[in-house]
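What follows is a set of notes on a single structure, which appears directly below.
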Amino acid sequence: MAIIDANVISYNLLQFIPRVLEERGIISILYDKCVKFSDPVTRVTSLRGLVLYFDTLRLLCQNNMQLHYVEETGPYEITTRWTMVMKFVLLPWKPELVFTGTSVMGINPKTQKFCSHVDFWDSIEKNDYFSLEGLLDVVRQLRFYKTPELESPKYQILKRTANYEYLFHKIGNVEIISDGAEVYWCQRLKSLFERDHQPLLDLQKITGSEIPSLHGCRTTGDKLSGSTGFNDVAGYIFGKNSAAEKIPMTTPVFTQAFDAEKSKIAIQIVLPMEKDMNSLPNPNQDTLGLRKMEGGIAAVSKFSGKPLEDVVRQKERELRSALIRDGLKPKEGCMLARYNDPGRTWSFIMVR
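The sequence shown begins at 1 in full-length UniProt numbering and counts up one residue at a time.
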């Protein structure tokens, strides 16, 4: 009986899978000639068919695949977890389609290559081919939206479910705060990927990097959907600071609640990533302050339309209920991220 070297195969996966949609020749390195591939909306039964499928994706989309982990799950089986972000270039607004999930990959012991590959998406229940639920998931992500061409905090989507996403905030910006309110971004969510596995998430292992910090500008507000305090934080970047320095605008504008009653609200904007705490001018107002905020993980729900207070609070309740239903324990408080025209751009509601 042939013996497979799982370590070598896992190493090849980590090296090559993120580039499989960029370099055509990688497919024949990894896959057997008789490979069978399926996901909820696609099925191919040969290496030639798989090459054609990946060629089509390369033509239609700008693809960014992130492989989170690889593990041996059977005698001739490897399971991976991944995130795929696909910018659909044929539509003028170039929507981003996001899929996260696992791949179960069977190995041909004779060739040491993959003879089967089945993808399972986190966002749907019915993953067997052909899944109408999967097709609708694709179509829904093609909706029109537009985000301002301004710098935004960087994040990586670790898991996208039907109701929310887990975001790893890979950020390095500054915020202005007041009242000494504590901010807890680095939340280790129990069972982030699988309900019965990984009781603590090792962020550095999953993302391959340390968690950088965020810097921003913050003051007190009146309510989650309100704009009280925005002129103060905006004034700081428009030159109302000790050096009269104008700082480039960023997006989104955040409002944050720190307790379940939403009795304490902060409004904040992040500052450009190239800015360092030591180089930033001091605010002119006593109600403003500079603070470094650590990156980490948040659960996020997207919605469109005008973010009225009742709407925002309902979205927060729905997100919290979904997390609790999935066996997670979100902290008190939440954060609303607003980008631009509410009719065209998603708003985010986040809990930690």
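Positions of the beta carbon are idealized from the N, C-alpha and C atoms, including for glycine. Predicted model, so just to flag it, every value in this text is computed and none were measured.
Counted within 10 angstroms of its Cβ, other Cβ atoms place residue i as buried (16 or more) or exposed
i: Ser263; result: exposed
i: Leu50; result: buried
i: Ser301; result: buried
i: Phe144; result: exposed
i: Thr102; result: buried
i: Pro92; result: exposed
i: Tyr166; result: buried
i: Gly327; result: exposed
i: Asp222; result: exposed
Neighbourhood of residue i by C-beta, 8 angstroms cutoff - its chain only, sequence neighbours within 5 removed
i: Ile141; result: This sequence places Gln at residue 141; Ile is not what is there. Result list for Gln141: Pro95, Glu96, Leu97, Val98, in chain order.
i: Tyr53; result: Phe37, Thr42, Val44
Beta-carbon proximity check, residue i vs residue j, cutoff 7 angstroms
i: Met350; j: Ala266; result: no
i: Ala260; j: Glu316; result: no
i: Gln66; j: Thr80; result: no
i: Asn284; j: Asn241; result: yes
i: Asp122; j: Thr100; result: yes
i: Thr111; j: Asp32; result: yes
Local conformation of residue i per DSSP, three classes
i: Glu274; result: coil
i: Glu294; result: strand
i: Glu22; result: coil
i: Asp55; result: helix
i: Asp232; result: helix
i: Gln285; result: coil
i: Gln141; result: coil
i: Tyr166; result: strand
i: Leu91; result: coil
i: Lys158; result: Residue identity differs from the one stated: residue 158 is Leu in this sequence, not Lys. Looking at Leu158 - three-state DSSP - the assignment turns out to be strand.
Cutoff 6 angstroms; reference residue i; Cβ partners in own chain excluding five residues on either side
i: Asp39; result: Asp119
i: Lys126; result: Glu133
i: Gly226; result: none
i: Ser152; result: Thr251
i: Phe37; result: Val44, Leu50, His117
i: Pro330; result: Arg320, Leu323, Val351
i: Tyr69; result: Arg81
Contacts around residue i, its chain only, beta-carbon distance under 7 angstroms, and the 5 residues preceding and following it disregarded
i: residue 407; result: Because the chain is modelled from 1 through 352, residue 407 falls outside the range shown and cannot be assessed.
(request) Let me know the beta strand (DSSP E) ranges lying completely inside the region 112-138, each 3 residues or longer, listed in chain order. (result) 113-121
(request) Mind listing, in chain order, the continuous beta strand (DSSP E) runs of no fewer than 3 residues lying wholly within the region 287-331? (result) 289-294, 297-303
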